[in-house]
Structures are given as C-alpha cells and as structure tokens.
Amino acid sequence: MFNPAQIGSLKIPNRFIRSATAEFAANPDGTVIDEYYKLYTDLALGEVGLIIQGHLYIMDEGKAHDKMAGIAHDYHLDGLKRIVQSIHNTSTGSKVAAQLNHGGFHSVSKKAPSKRDEKNDRVMTEDDIENIILNFGNAALKAKQAGYDAVQIHAAHGYLVSQFLSSKLNQRTDSWGGSLENKAQILLSIYQRIRSQVGSNFPVLVKMNNSDEPHEGFPVEEAAKVAKWLAEEGLDAIEVSGLRSTRTKFEDEAYFSKNARIIKKNIGDMPLSVVGGFRSLKVIQQLHQEFADFVSICRPFIREPDLVKKFREGKEISDCISCNKCFKPPLIITCLDKEN
Ligand SMILES: Cc1cc2nc3c(=O)[nH]c(=O)nc-3n(C[C@H](O)[C@H](O)[C@H](O)COP(=O)(O)O)c2cc1C
Ligand code: SF4
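Residue numbers (this note's numbering): 9 to 348.
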C-alpha cells in the first residue's frame with residue numbers, strides 16, 4: 009500500500025486515495041473560501057497518495073446543495089488553482105483530482121431522468137441531456153487548465169448519472185432508458201466528451217455504485233458490465249462505492265468489497281479502488297493483496313488528515329467512529345465527535 013502506483017499516465021506515491029468529501033464551505037456563488045487551502049495542505053502533508061476534492065457542480069442548475077463549490081465558470085478557477093497549488097507545493101508528491109457532478113433531482117433544477125412522484129420534479133428532455141454532457145466536458149477542460157492531475161465523473165450516491173443507471177429511477181422509453189446500454193449511455197457519452205476535451209494522456213476516473221441496493225434497478229452484474237465498457241473505452245480507473253455510502257455501523261468495515269471484487273474480475277488491467285468503511289490497516293492490506301489496486305477513505309481523513317503517515321509509522325486503526333456528525337460543519341468539513 010505504501011509503494012508508488014500508476015493511474016494512466018499519473019504516478020501516485022502510494023495506494024491510498026482520499027475519496028471525494030464535500031467541504032460544505034463554498035460561497036453562494038460556488039467560489040471557495042481560504043479555509044480550503046489548509047484543509048488540502050494538511051491532507052497532502054499527511055501523505056495521501058491521490059486526493060479527490062469534494063464534488064464540484066459542472067453547471068449552475070446541477071448544484072446539489074448549499075455551500076457546494078463549482079467548476080462551472082471561469083471565476084471559479086482562481087480558488088481551485090490555489091487548492092491544487094497548496095497540494096503540489098508540499099514535498100510528499102500527493103496528486104489531486106477534481107470530482108465533477110450534477111445533482112439531477114437533488115439539484116436546484118430538480119430535473120429527473122423520468123417521472124417521479126415528487127411534485128417539483130421535471131423530466132429531462134433530450135436537449136437537457138446533451139447540454140449536461142457538453143457541460144461535463146467543459147468542466148473537465150477547466151479542471152485540466154486549473155492544474156488538476158485528473159478528473160473523476162461522479163456516477164454514484166443517487167446523483168444524476170446514478171439516477172440514469174438505475175431502472176428504479178430511470179423509466180425512460182427513449183434511447184436513454186430501458187436496456188442497460190441505454191441506461192449507461194449518458195455515462196459513456198460524458199466519458200467520451202471529457203476524453204475529447206482533455207486528450208488521451210489526462211487521467212479520467214469514474215466513481216460508480218456497485219449496485220443500487222437496497223433497490224433492484226442496477227444489480228452488480230450490470231455494474232460489472234458498465235465498468236467493462238468503460239475499461240474498453242480507455243477509462244483510467246474506477247472507484248467502487250454504493251448507494252448507502254456512509255454507513256454508521258463500525259463492524260461493517262469494507263462494506264462494498266464483495267461486489268467490488270466481482271467488478272474487478274470484469275475490467276482487465278484497469279485499476280480499481282474500493283471505498284466504504286475502511287478503518288484498519290490490516291483489512292486495507294488484506295483487500296489490497298486480494299484484489300484492490302487502491303483503497304479509498306473519506307471520514308477517517310476528516311478526523312486524521314495524517315492517517316496515511318500514521319499508518320506508515322505503525323498505527324493500526326483509525327480513530328473515526330463513523331458517527332456521521334461531520335455532515336454539518338460550522339465553517340468547513342471537520343470532525344465533530346466531541347471526544348476527539
Ligand atoms: C461529509 C461527507 C461528504 C462527502 N462528500 C462526498 C462527495 O463530495 N463526493 C462523493 O463521491 N462522496 C462523498 N462522500 C462519500 C465518501 O466519499 C465515501 O464514499 C463514504 O464516506 C464512505 O467512505 P468512508 O467510510 O471511508 O467514510 C462524502 C462523505 C461524507 C462523510
Ligand atoms: S464526526 Fe464522526 S464520522 Fe465524522 S470524522 Fe468525526 S468520528 Fe468520523
């Protein structure tokens with residue numbers, strides 16, 4: 009876990025990934041505040057190999073919640089560049105990726121793939137979909153221009169792309185719904201558009217659900233097929249997550265690993281990372297030996313940004329108790345477990 013590894017053309021100093029973590033601290037216009045720079049400097053000084061920044065909205069109408077940062081306009085870029093620099097200026101060699109997102113019916117636009125019961129939702133038109141694909145591409149180009157080492161498409165956790173992938177939420181009868189090929193078309197199209205914008209050498213990643221459990225609209229067999237198609241298209245790495253992404257029961261360490269293992273069998277040499285409940289170095293190393301090229305962690309890095317360094321120096325288990333109190337920080341994402 010502590011040795012360098014590649015994702016496409018990118019050399020990463022170790023196999024620990026900081027899974028994207030919303031900072032809940034941006035200004036109303038999506039620009040970032042000064043506190044972001046210390047947050048990201050600390051993660052880099054703590055020796056995280058690849059830091060994936062909290063999700064960024066790719067267009068105003070895809071903003072998923074208050075205090076979310078954006079990468080939709082040129083005026084977003086100055087602050088984002090400073091985040092990248094604060095990571096690159098450390099001597100640890102940490103790399104940084106921008107996670108690109110559209111909230112779908114969770115966003116201000118309330119647009120959904122198909123009709124739901126919620127009264128404010130609006131069904132997306134073909135033009136809406138094409139426009140979103142273009143905006144993902146534009147945002148990826150902005151990320152490259154801002155100096156990020158990679159981009160990640162957010163296709164998990166109930167946001168827009170995962171809404172399309174799940175037959176429970178996507179009941180379209182046109183070419184964007186129905187068969188798995190149709191449901192996955194938006195993700196493949198976003199990937200292709202991004203690739204055409206950033207070129208063949210720039211790493212592009214996807215974070216995707218292992219399934220849409222507890223529903224049955226995107227079983228693991230479908231997730232494995234979509235991951236295979238992405239690998240065939242030239243995707244650089246996949247990060248496997250799930251719908252109930254932040255479980256609170258500590259005993260559930262590595263809760264998506266069973267299905268991540270199934271997905272790994274389908275994707276050839278494409279690197280895979282798995283996220284969800286990793287807390288102890290022993291489990292991390294075991295799953296790395298078995299199948300996971302990288303391991304992704306979120307909440308433990310909120311509590312201990314220097315956890316990788318501590319692991320390297322002999323610490324065995326994170327202090328994070330998975331209580332989820334950190335979702336509502338007073339200023340910027342921080343551990344709110346009072347006893348820490
Ligand atoms: C406060 C908080 C913010 C999060 N923000 C994001 C995000 O912006 N993008 C994302 O893909 N996942 C996000 N997640 C989910 C995490 O990346 C991760 O998938 C999940 O927390 C499980 O990993 P963990 O058990 O190591 O925390 C967030 C989780 C938390 C706790
Ligand atoms: S508030 Fe709870 S879940 Fe969040 S980092 Fe602290 S201990 Fe972990």
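Here a beta-carbon is modelled for each residue, glycine too, at the ideal position from N, C-alpha and C.
Item to complete: Give the range of the beta strand (DSSP E) segment to which L108 is assigned.
Response: K103 to N109
Worksheet entry | Every unbroken beta strand (DSSP E) inside the region 108-173 [3 residues or more] | 158-163
Practice prompt. Keeping to the same chain, check which residues put their C-beta closer than 8 Å to that of R269; ignore five residues upstream and five downstream.
Written response: E298 and F299
Worksheet item: Around ligand 2, what residues have a beta-carbon under 6 Å from a heavy atom of it, in chain order?
Response: R307, I310, R311, C328, I329, S330, C331, N332, K333, C334, C343, L344 and D345
Item to complete: Spell out a yes or no on whether the region 109-122 and the region 161-179 are touching, meaning 3 or more CB-CB pairs, one atom from each, closer than 8 Å.
Response: yes
Discussion item. Please state the DSSP three-state secondary structure of K273.
Written reply: coil
Discussion item. Does the distance between the C-beta of Q193 and the nearest non-hydrogen atom of ligand 3 fall short of 7 Å?
Written reply: By its list of ligands, the structure shown excludes ligand 3, since it contains just ligand 1 and ligand 2.
Worksheet item: D74: buried (16+ other C-beta within 10 angstroms of its C-beta) or exposed?
Response: exposed
Practice prompt. Within the same chain, show all residues whose beta-carbon is closer than 6 Å to that of C306, passing over the 5 residues directly before and after it, in chain order.
Written response: S27 and T29
Item to complete: Would you mind working out which of S175, T39, F319 and Q193 sits nearest D220, comparing C-alpha positions?
Response: S175
Practice prompt. Determine the DSSP secondary structure at S204, reduced to helix, strand or coil.
Written response: helix
Fill in: Cβ shell of F286 (< 7 Å), same chain only, five flanking positions each side left out
E261, A262, I292, V303 and I305
Worksheet item: Which value, in whole angstroms, describes the spacing of the CA atoms of A154 and K89?
Response: 5 Å
Worksheet item: Thinking C-alpha only, which one of Y44, D244 and G87 is nearest V212?
Response: D244
Worksheet entry | Alpha carbon of N178 to alpha carbon of S122, nearest angstrom | 5 Å
Discussion item. Quick check on the burial criterion: 16 or more other C-beta atoms within 10 angstroms. Buried or exposed for L47?
Written reply: buried
Worksheet item: Would the beta-carbon of I161 be found less than 7 Å away from any heavy atom of ligand 1?
Response: no
Discussion item. If you reduce the DSSP assignment to three classes, tell me which class G54 lands in.
Written reply: coil
Item to complete: Could you tell me the boundaries of the beta strand (DSSP E) in which E69 lies?
Response: Taken as a continuous stretch (DSSP letters only), E69 belongs to no beta strand (DSSP E), as it is neither H nor E.
Worksheet entry | Sufficient close CB pairs (3 or more, under 8 Å) joining the region 271-284 to the region 77-84 | no
Worksheet entry | A268: CB within 7 Å of a non-hydrogen atom of ligand 1 | no
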